[in-house]
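Asker: So the sequence shown is residues 0 to 424, counted in numbering that gives the first Met the number 0.
Just so it is clear, CB atoms sit at the ideal spot from N, CA and C, and this is done for glycine as well.
Treat the numbers as computed from the prediction; the structure is a model and nothing was measured.
Supplied in structure tokens, the structure appears directly below.
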Amino acid sequence: MARFLFFCLMLIVLCACGDKGDEEKKPPPPPVEVLVVREQPVIPRFEFVGRVEATDEYKVRPRVQGYIQSRNFREGDTVQKGQLLFEIDPRPFIAELDNQSANLERTEASLRVAERNFRRGRTLVATGAISQVQMDELMGTYEETKSQVDADRAKVVSAKLDLSYTKIYAPLTGRIGRTDFTEGSLVGPDSDPLTTIVKMDPIYVLFEVPEDQLYAVQVDAERRRREGLPPTSLDVRIELPDGNFYPYKGNIVFIDNQIDPNTGSVAVRALFRNPGQLLVQGQFARVSIRVFTGSEALKPLVPQSSVQEDMQGRYVFVLGKNNIAEKRYLTLGQREGELWAVDRGLVAGESVIVNGLQRVQAGKPVTPQNTPRNPYDAAAEPAQPARGGGSPVDMQSKGTGQGESGKDTEEGEQPRHQGELDDYK
């Protein structure tokens, strides 16, 4: 009996020592970096995917048939208006002009003879030397010859035009494309275009705006008018593939007059300066339109890197009471650089875990540390709207401080009219 009691006592001691050892080996809460959430003004922004279009495009086609004698440009170069591009062998057209000129001279000589006979006939018919029938024949010959002279003169003019068409000039200043035609190629009005010239500066970006967004902007504009509020202004930008913004702001110059029933959207065209020809016809462009209303909403923002996602949605880990990590699902709005605006689920002043997320478990304690980098500093300067205010009823951003050429205008200057595109420099 004594042995049994001794054995039980030793077993209890060993278990107690084992529990104490387990407690000593339990790891501390994992260290994580936290960030105190701030509120900042969030400017409403719409994003669309568009396509770059040239403001002017010309397909070079020959007006006469012949063999190319020379090509006077390099593919991909910028050509000037009036620059000689192609020359078709002019010799057949020179010969045709000479032939038509000779025919004209012959008919003009016949006209002079017919005119003299007609004048003599009028004198002779008065004295009865010739009959009226003969006089009518003289008049008919004169009028017929006169008509033939007019026809031959038209043929000479046509031959001169055909000869002039053997030299093909650039009708506008722009970048010229590739060509499949070389010296000696037979071309004509029915052949494929010799090449294409596109005007690169300024340049269009065409994109589609869903009808519900267009309607919302129009309703807001009408409300602002009724309440006597200043109109909103639009900031139209292009986001480049590297995440930066195109250096020149755009200007909306066209909105289609009907909604596409297949897509439920309306076509909108914006105009941008393109002096460096960074934008090329046909490329995709991400268009960002910010709407400045003068009273932007304050919203909490969180770093995008702190947001995770599962089957239930997007969430962050919030530092709760006693440093317990809480899983919080969010309703997110638009992106602001590397931050994400929060519409619902988070308030300013709360702390979110931004680094060390792989070690965090919901409901478990963590060791919080302040993050050495503050992402709010980069977004601290609020974006300023362009000068003036464009009415969003038609989304025409004519008040964005830019002309329709996309060129920034100085304060007090009037924007350029769209009809001045051909004179744009």
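Ordered along the chain, which non-local residues of its own chain (more than five positions away) have a Cβ less than 6 Å from that of Lys154?
Answerer: Locating residue 154 in the sequence shown gives position 155, where the first residue counts as 1. Same-chain partners within the cutoff: Gln99.
Asker: Is the Cβ-Cβ distance between Thr370 and Glu32 less than 8 Å?
Answerer: In the sequence shown, residue 370 corresponds to position 371, counting from 1. In the sequence shown, residue 32 corresponds to position 33, counting from 1. For Thr370 and Glu32, yes; Cβs fall inside 8 Å.
Asker: Excluding sequence positions up to five away, which residues of its chain have a Cβ less than 7 Å from the Cβ of Lys326?
Answerer: Sequence index remark: in the sequence shown, residue 326 carries index 327 (1-based). Excluding positions up to five away in sequence, the list reads Tyr314, Phe316, Ala361.
Asker: Taking C-beta to C-beta, are Leu34 and Val351 nearer than 8 Å?
Answerer: Taking the first residue of the sequence shown as position 1, residue 34 is located at position 35. Taking the first residue of the sequence shown as position 1, residue 351 is located at position 352. Cβ distance < 8 Å, so Leu34 and Val351 count as in contact.
Asker: Since I believe Thr144 is in contact with Ala113 (beta carbons under 8 Å), could you give me their beta-carbon distance rounded to a whole number of angstroms?
Answerer: Sequence index remark: in the sequence shown, residue 113 carries index 114 (1-based). Sequence index remark: in the sequence shown, residue 144 carries index 145 (1-based). Yes, Ala113 and Thr144 are in contact; Cβ-Cβ is about 4 Å, under 8 Å.
Asker: Could you tell me which uninterrupted beta strand (DSSP E) segments, each at least 3 residues in length, are contained entirely in the stretch 26 to 91, listed from first to last along the chain?
Answerer: Those beta strand (DSSP E) runs which fall completely within the stretch 26 to 91 and span 3+ residues are 30 to 35, 37 to 41, 44 to 59, 65 to 70, 83 to 87.
Asker: Of the residues Ile251, Val279, Gly275, Thr262, which one's Cα is nearest the Cα of Arg268?
Answerer: Here residue 268 is taken as the residue at index 269 of the sequence shown, counted from 1. That would be Ile251, whose Cα lies nearest to the Cα of Arg268.
Asker: Specify the secondary structure class of Ala215 as computed by DSSP and reduced to three states.
Answerer: To locate residue 215, count along the sequence shown from 1; it is residue 216. Ala215: helix per DSSP, three-state reduction.
Asker: How would you call Asp241, buried or exposed, if buried means at least 16 neighbouring beta carbons within 10 angstroms?
Answerer: As a first step, residue 241 is located in the sequence shown; it is residue number 242 there, counting from the start. Result: exposed.
Asker: Could you pull out every residue in the same chain whose Cβ sits closer than 8 Å to the Cβ of Pro61, ignoring the five residues on either side in sequence?
Answerer: Residue mapping note: residue 61 aligns to position 62 of the sequence shown, counting from 1. Around Pro61: Phe85, Ile87, Tyr164, Ile167, Val186, Gly187, Pro188, Ser190, Leu193.
Asker: Based on the DSSP secondary-structure assignment, which residues constitute the bridge partners of Ala266?
Answerer: For the purposes of this step, residue 266 is identified with residue 267 of the sequence shown, where counting begins at 1. According to DSSP, Ala266 bridges with Glu207.
Asker: Look up Ile129 in the DSSP assignment and give the residues it is bridged to.
Answerer: Numbered from 1 along the sequence shown, position 130 holds the residue referred to as residue 129. Paired residue(s): none; Ile129 is not in a bridge.
Asker: Taking the Cβ atom as the reference point for each residue, do Arg174 and Gln276 lie within a distance shorter than 8 Å?
Answerer: Translated into positions along the sequence shown, residue 174 becomes position 175. Translated into positions along the sequence shown, residue 276 becomes position 277. Yes, the pair counts as a contact, with Cβ atoms nearer than the cut-off.
Asker: In three-state terms, what does DSSP make of Val290?
Answerer: Translated into positions along the sequence shown, residue 290 becomes position 291. In the structure shown, Val290 sits in a strand (DSSP, three-state: E or B).
Asker: Mind checking whether Asp234 and Arg289 have CB atoms under 8 Å apart?
Answerer: Start at 1 with the first residue of the sequence shown, and residue 234 comes out as number 235. Start at 1 with the first residue of the sequence shown, and residue 289 comes out as number 290. Yes, Cβ-Cβ distance for Asp234 and Arg289 is below 8 Å.
Asker: Should Glu335 be labelled buried (16 or more other beta-carbon atoms within 10 Å of its own) or exposed?
Answerer: Translated into the one-based positions of the sequence shown, residue 335 becomes position 336. With 16 or more Cβ atoms within 10 Å of its Cβ, Glu335 is classed as buried.
Asker: Alpha carbon to alpha carbon, how far is Glu95 from Ile254?
Answerer: For the purposes of this step, residue 95 is taken as residue 96 along the sequence shown, with counting starting at 1. For the purposes of this step, residue 254 is taken as residue 255 along the sequence shown, with counting starting at 1. Spanning the two alpha carbons is a distance of roughly 51 Å.
Asker: To the nearest angstrom, report how far apart Pro40 and Asn261 are at their CA atoms.
Answerer: To locate residue 40, count along the sequence shown from 1; it is residue 41. To locate residue 261, count along the sequence shown from 1; it is residue 262. If you take the alpha carbons of Pro40 and Asn261, they lie about 37 Å apart.
Asker: Can you check DSSP and say which residues form a bridge with Lys320?
Answerer: If you number the sequence shown from 1, residue 320 lands on position 321. None; Lys320 has no bridge partner.
Asker: Where does Val279 land, buried or exposed, given buried means 16+ other C-beta within 10 angstroms?
Answerer: Within the sequence shown, numbered from 1, the residue matching residue 279 stands at position 280. So Val279 ends up on the exposed side.
Asker: Could you pull the start and end residues of the beta strand (DSSP E) that Gln333 belongs to?
Answerer: Sequence index remark: in the sequence shown, residue 333 carries index 334 (1-based). From DSSP, the beta strand (DSSP E) with Gln333 extends over 330 to 335.
Asker: Could you pull out every residue in the same chain whose Cβ sits closer than 6 Å to the Cβ of Val392, ignoring the five residues on either side in sequence?
Answerer: Start at 1 with the first residue of the sequence shown, and residue 392 comes out as number 393. Confidence at Val392 is low in this model, with a pLDDT of 36, below 50, so the placement of that residue should be treated as unreliable; the coordinate-derived value is given next. Once the five neighbours on either side are set aside, the close Cβ partners of Val392 are Gln217, Ala220.
Asker: Considering only the beta carbon of each residue, do Glu56 and Thr172 sit closer than 8 Å?
Answerer: Numbered from 1 along the sequence shown, position 57 holds the residue referred to as residue 56. Numbered from 1 along the sequence shown, position 173 holds the residue referred to as residue 172. Taking 8 Å as the Cβ cut-off, Glu56 and Thr172 do not qualify as a contacting pair.
Asker: Using the Cβ count rule (16 or more neighbours within 10 Å means buried), how would you classify Lys248?
Answerer: Here residue 248 corresponds to residue number 249 of the sequence shown, with the count starting at 1. Burial call: buried.
Asker: Could you give the first and the last residue of the continuous beta strand (DSSP E) run that contains Gln307?
Answerer: As a first step, residue 307 is located in the sequence shown; it is residue number 308 there, counting from the start. That run of the beta strand (DSSP E) goes 307 to 309.
Asker: Can you give me the C-alpha to C-alpha distance between Phe206 and Ala284, rounded to a whole angstrom?
Answerer: Here residue 206 refers to the residue found at position 207 of the sequence shown. Here residue 284 refers to the residue found at position 285 of the sequence shown. If I take the Cα positions, the gap works out to 9 Å.
Asker: Can you check whether the CB of Gly319 is closer than 8 Å to the CB of Pro29?
Answerer: Working through the sequence shown from its first residue, we reach residue 29 at position 30. Working through the sequence shown from its first residue, we reach residue 319 at position 320. In this structure, Gly319 does not lie closer than 8 Å to Pro29 by Cβ.
Asker: Secondary structure at Val197, three-state DSSP: helix, strand or coil?
Answerer: Taking the first residue of the sequence shown as position 1, residue 197 is located at position 198. Note: Val197 maps to strand in three-state DSSP.
Asker: For Asp151, count neighbouring Cβ atoms within 10 angstroms of its own Cβ and tell me buried if that reaches 16, exposed if not.
Answerer: For this step, residue 151 is matched to residue 152 along the sequence shown. Looking at its Cβ environment, which holds 16 or more other Cβ atoms inside 10 Å, Asp151 is buried.
Asker: Give the DSSP-derived three-state secondary structure of Tyr247 in the structure shown.
Answerer: Position 248 of the sequence shown, counted from the start, is the residue given in the question as residue 247. Note: Tyr247 maps to coil in three-state DSSP.
Asker: How is Lys159 classed by DSSP in three states: helix, strand or coil?
Answerer: Along the sequence shown, read from residue 1 onward, the residue named residue 159 stands at position 160. Note: Lys159 maps to helix in three-state DSSP.
Asker: Would you tell me roughly how many angstroms separate the C-alpha atoms of Asp342 and Tyr375, rounded to the nearest one?
Answerer: Taking the first residue of the sequence shown as position 1, residue 342 is located at position 343. Taking the first residue of the sequence shown as position 1, residue 375 is located at position 376. So the two alpha carbons sit approximately 17 Å from each other.
Asker: Nearest to Pro299 by alpha carbon, out of Phe271, Ala340, Ile237, Gly332?
Answerer: As a first step, residue 299 must be located in the sequence shown, where it is residue number 300. Of the listed residues, the one whose Cα sits closest to Pro299 is Ala340.
Asker: Can you tell which of Arg372, Pro43, Val48 has its C-alpha closest to the C-alpha of Val208?
Answerer: Translated into the one-based positions of the sequence shown, residue 208 becomes position 209. Of the candidates Arg372, Pro43, Val48, the one whose C-alpha sits nearest the C-alpha of Val208 is Val48.
Asker: Whose C-beta lies closer than 8 Å to the C-beta of Pro27 among residues of the same chain, with five residues either side of it excluded?
Answerer: Sequence index remark: in the sequence shown, residue 27 carries index 28 (1-based). So the qualifying residues of the chain are Thr366.
Asker: For Ser305, which residues from the same chain have a beta carbon less than 6 Å from its beta carbon, with the 5 sequence-adjacent residues on both sides left out?
Answerer: By one-based count along the sequence shown, residue 305 stands at place 306. Closer than 6 Å at the Cβ level, and outside the excluded window around Ser305, lie Val315, Val351, Val353.
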